[in-house]
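Chain order of the listed sequences is A and B. In terms of the UniProt record's numbering, the first sequence is numbered consecutively and its last residue is 103. In terms of the UniProt record's numbering, the second sequence is numbered consecutively and its last residue is 458. Idealized CB from N, CA, C, for every residue including glycine. Given the structure is predicted, the values throughout are model-derived calculations rather than measurements. Reading through the structure tokens given below for one structure.
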Amino acid sequence: MDEQSLFLRVAEQDREIVPFFVNGRPATALSGDTVLTALLTHDHEVRLSEILEQPRAGFCLMGACQDCWIWTEDGKRVRACSTMIEPDMRLRTRSPFNGARPE
Amino acid sequence: MSSSRVVIIGAGPAGTRAAETLVAAGLKPVVVDEAPRSGGQIYRRQPPGFGRSLKKLYGFEAGKAARLHDAFDRLQDKVDYRPGTMVWGTEGHNLHLADRDGRQDVIGFDALILATGAVDRIVPFEGWTMPGVYTLGGAQIALKYQACLIGRNVALVGSGPLLYLVAYQYRRAGGNLAGIFDTTPLSRELAGLPRMAANPANTAKGLYYFAWLAAHGVPMLHDVSPLRAEGEGRVARLVLRDRAGRERTFACDAIATGYHVQSETQLADLLGCDFAFDARAGQWLPRQDEMGRSSVDGVYLAGDGASVRGADTAEATGALAALACLQDQGMPFDAAVRNQALQAMRRGSAFAAALRDAFPFPEHLYENIADTTLLCRCEEVSVGTFRATLRDKGAGEVNRAKAFCRVGMGRCQGRMCGASAARIAAQTLGVELAAVGRLRGQAPVKPLPTALQTEAGE
Chain A
1 MDEQSLFLRV AEQDREIVPF FVNGRPATAL SGDTVLTALL THDHEVRLSE
51 ILEQPRAGFC LMGACQDCWI WTEDGKRVRA CSTMIEPDMR LRTRSPFNGA
101 RPE
Chain B
1 MSSSRVVIIG AGPAGTRAAE TLVAAGLKPV VVDEAPRSGG QIYRRQPPGF
51 GRSLKKLYGF EAGKAARLHD AFDRLQDKVD YRPGTMVWGT EGHNLHLADR
101 DGRQDVIGFD ALILATGAVD RIVPFEGWTM PGVYTLGGAQ IALKYQACLI
151 GRNVALVGSG PLLYLVAYQY RRAGGNLAGI FDTTPLSREL AGLPRMAANP
201 ANTAKGLYYF AWLAAHGVPM LHDVSPLRAE GEGRVARLVL RDRAGRERTF
251 ACDAIATGYH VQSETQLADL LGCDFAFDAR AGQWLPRQDE MGRSSVDGVY
301 LAGDGASVRG ADTAEATGAL AALACLQDQG MPFDAAVRNQ ALQAMRRGSA
351 FAAALRDAFP FPEHLYENIA DTTLLCRCEE VSVGTFRATL RDKGAGEVNR
401 AKAFCRVGMG RCQGRMCGAS AARIAAQTLG VELAAVGRLR GQAPVKPLPT
451 ALQTEAGE
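Now the structure itself:
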């Protein structure tokens, strides 16, 4: 677990290791992790907000706030708190549209 | 009436008991639930492959959790169970469903039981959208469902029983707590104790968490006002005003915040149910009779989604809604079972009212929220912009204000900002909370899974 991670694992650490990719870089999670957990046990943000482009890391963890929608490399949108990590999932924490908005 | 189709939305305490009651009467209801497994939020089950005991997960409530899970599991082949499925819209007596993989379905109903549950109610403070700030419910899910803490040194700020329960669970799991910062004066909580004796067991548990946390040296302050979260790209400090009016700073790397929970009423709204303002809950709720009948024929309300009274009462109101449904369809039902559930519901309602009074929603905080604070985290609209919209554009109620400045228009449909928007509107306009109306639900009630070309536009 990285020092810069937000989440701290405190139990259930004997689960199977699941390799995945975040922004093209390889990373590992544990089987049964949500995408949000997989990301936040390495880092402290999962996306940028649409308007002010501020870092966000989810909020409610129960599918209500909609603040953890991220992307897969093949263009799917996933709500990180309610999507389980899968082997070789290729996630991206930046929207295809971040920085591409017309001035 | 064997051909009549009853649909239950939600598989928590209310949905489970509703399903069980219908199955006992010989019906085969459809149970649609967003979660992959039954239990709702309070008795949410950990994913397959996790090994912690029920005692570890649910503490004093382990027995209740086990009974509820078992009750649902026994129904598996007697209900048409649709886990991982969201009802995103309604059209007359049809429900629009979408599952996790984006598959769509439309199902009709003759009767519908809404057991949609509740989410945390939030009061924004400067920096509340920063990574590291979570709802109390979210902090609890991180631990219960993922065996994770939201941080290494967690500050808890808010009011209500969940504040102390989450603190207790985090400390027991080995977490370090920067402190428990309660917006309610301690005297108010103590004055509420006699009425909470309506449920001595729950009251005793609350007192136990409180005493245990105090004995373990967890810093606890009462009567505070949260001012801001500070940090570079993530939470590093919580700044608050204490009861003596001093500004105080506490180092922390995560904050869990919440003030009770609020009913999820979007589907009742889409179905055309009449709503009334519930002053104690501080929320517009669908009208219902004691059995959970809404104003719309064939639509029934149960659990915290109808009115927040906790898990025990949700089990009772789930059964009641199912019994009302049977009664309305001219089917036989056991009057003794109904009377018992009614009694449980009334006891639970009294206890819930006492809790609301002992841990009041901190209406006074809104007077001091800085204009720069974000109100709507989806559309990123500040409190100041919202206040100016109300003052300068003649928006007399929250939907009009939403049309002008987008507060509540975003993806969460006001779940996170609606309670605050209503209070700020009432204060700014100098009117009663009930007079500013409520944000209306819209289909889809939550975003639908969609695929899009990653490199679109290039």
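Since residue i contacts residue j with CB under 8 angstroms, what's their CB separation in whole angstroms?
i               : j               : result
W69 of chain A  : R79 of chain A  : 5 angstroms
V6 of chain B   : C325 of chain B : 6 angstroms
L323 of chain B : M291 of chain B : 7 angstroms
G414 of chain B : A403 of chain B : That pair is no contact at about 13 angstroms.
A256 of chain B : T135 of chain B : 7 angstroms
A71 of chain B  : M86 of chain B  : Actually they do not touch by this definition, with Cβ atoms about 23 angstroms apart.
P226 of chain B : L238 of chain B : 7 angstroms
E380 of chain B : S49 of chain A  : 6 angstroms
L301 of chain B : I9 of chain B   : 11 angstroms between Cβ atoms; not a contact.
Just mark residue i as buried or exposed, buried being the case when its beta carbon has 16 or more other beta carbons within 10 Å.
i                      : result
R94 of chain A         : exposed
H216 of chain B        : exposed
E91 of chain B         : exposed
A319 of chain B        : buried
P131 of chain B        : buried
K144 of chain B        : buried
R246 of chain B        : exposed
I424 of chain B        : buried
Y209 of chain B        : buried
K393 of chain B        : exposed
K446 of chain B        : buried
residue 459 of chain B : In the structure as shown, chain B begins at 1 and stops at 458. Residue 459 of chain B is therefore absent and cannot be evaluated.
R90 of chain A         : exposed
S38 of chain B         : buried
I13 of chain B         : Ile is not the amino acid found at residue 13 of chain B; the sequence shown has Pro there. Under this definition P13 of chain B is a buried residue.
N199 of chain B        : buried
R74 of chain B         : exposed
Give the interface partners of residue i over in chain A, defined as CB-CB distance under 9 angstroms, in chain order.
i               : result
K446 of chain B : G63, A64, Q66 and R79
L149 of chain B : F7, L8, R9 and V10
A173 of chain B : V10 and A11
Run through chain A and tell me which residues come within less than 7 angstroms of residue i, C-beta to C-beta.
i               : result
Q146 of chain B : D33, T34 and T37
Q41 of chain B  : M62
Under 8 angstroms Cβ-Cβ, which residues of chain B neighbour residue i?
i              : result
F59 of chain A : T129, V133, Y134, T135, G138, R377 and M416
L52 of chain A : E380
H44 of chain A : P131, G132, G233 and R234
R15 of chain A : G49 and F50
T41 of chain A : C148
Using a C-beta to C-beta distance shorter than 7 angstroms, which residues of chain B count as neighbours of residue i?
i              : result
P55 of chain A : P131 and G233
Using CA atoms only, rank isn't needed, just tell me which of the options is closest to residue i.
i               : options                           : result
D105 of chain B : B:N94, B:L114 and B:A111          : B:N94
D33 of chain A  : A:T83, A:L52, A:P96 and A:E53     : A:T83
R241 of chain B : B:L365, B:L149 and B:P161         : B:L365
P96 of chain A  : A:L36, A:R47 and A:P19            : A:R47
Q46 of chain B  : B:A66, B:M220 and B:V30           : B:A66
Q140 of chain B : A:D88, A:E45 and A:C60            : A:C60
E232 of chain B : A:P87, A:P55, A:D67 and A:E73     : A:P55
R234 of chain B : B:E34, B:Q262, B:I150 and B:A197  : B:I150
A64 of chain A  : B:C412, B:A443, B:A434 and B:G430 : B:C412
Y259 of chain B : B:V123, B:R400 and B:L342         : B:V123
R228 of chain B : B:F333, B:F181 and B:T203         : B:F181
Q76 of chain B  : B:D269, B:K64 and B:P29           : B:P29
E189 of chain B : B:A198, B:D304, B:H222 and B:L165 : B:H222
A244 of chain B : B:L114, B:P185, B:P83 and B:L270  : B:P185
G441 of chain B : B:A353, B:L271, B:P332 and B:D312 : B:L271
G303 of chain B : B:A354, B:L114 and B:Q343         : B:L114
Q4 of chain A   : B:P362, B:D33, B:V79 and B:R152   : B:R152
A11 of chain B  : B:L22, B:Q41 and B:G408           : B:Q41
V133 of chain B : B:R377, B:L193, B:A19 and B:G102  : B:R377
With residue i as the anchor, note down where its alpha helix (DSSP H) starts and where it stops.
i                      : result
Q262 of chain B        : Premise fails: Q262 of chain B lies in the beta strand (DSSP E), V261 to S263, not in any alpha helix (DSSP H).
D60 of chain A         : For the sequence presented, residue 60 of chain A should be read as Cys rather than Asp. Careful: C60 of chain A lies outside any alpha helix (DSSP H) and carries neither H nor E.
residue 467 of chain B : Residue 467 of chain B is absent from the structure shown; chain B starts at 1 and stops at 458.
I424 of chain B        : G418 to L429
G20 of chain B         : Note that residue 20 of chain B is Glu in the sequence shown here, rather than Gly. Residues P13 to A24.
W212 of chain B        : P200 to A215
A358 of chain B        : A335 to A358
Who are the neighbours of residue i on chain A, taking C-beta pairs under 8 angstroms?
i               : result
P124 of chain B : Neighbours of P124 of chain B on chain A: none; closest Cβ ~11 angstroms, over 8 angstroms.
A254 of chain B : L6
A115 of chain B : Chain A residues near A115 of chain B: none, gap ~15 angstroms exceeds 8 angstroms.
E61 of chain B  : The contacting residues do not exist; E61 of chain B stays about 18 angstroms from chain A at best.
Hey, could you find the ends of the beta strand (DSSP E) residue i is sitting in?
i               : result
T72 of chain A  : W69 to T72
S159 of chain B : N153 to S159
N94 of chain B  : N94 to D99
R243 of chain B : Segment: none, R243 of chain B is in no beta strand (DSSP E) and carries neither H nor E.
G384 of chain B : Careful: G384 of chain B lies outside any beta strand (DSSP E), inside the alpha helix (DSSP H) at V383 to D392.
R25 of chain A  : R25 to L30
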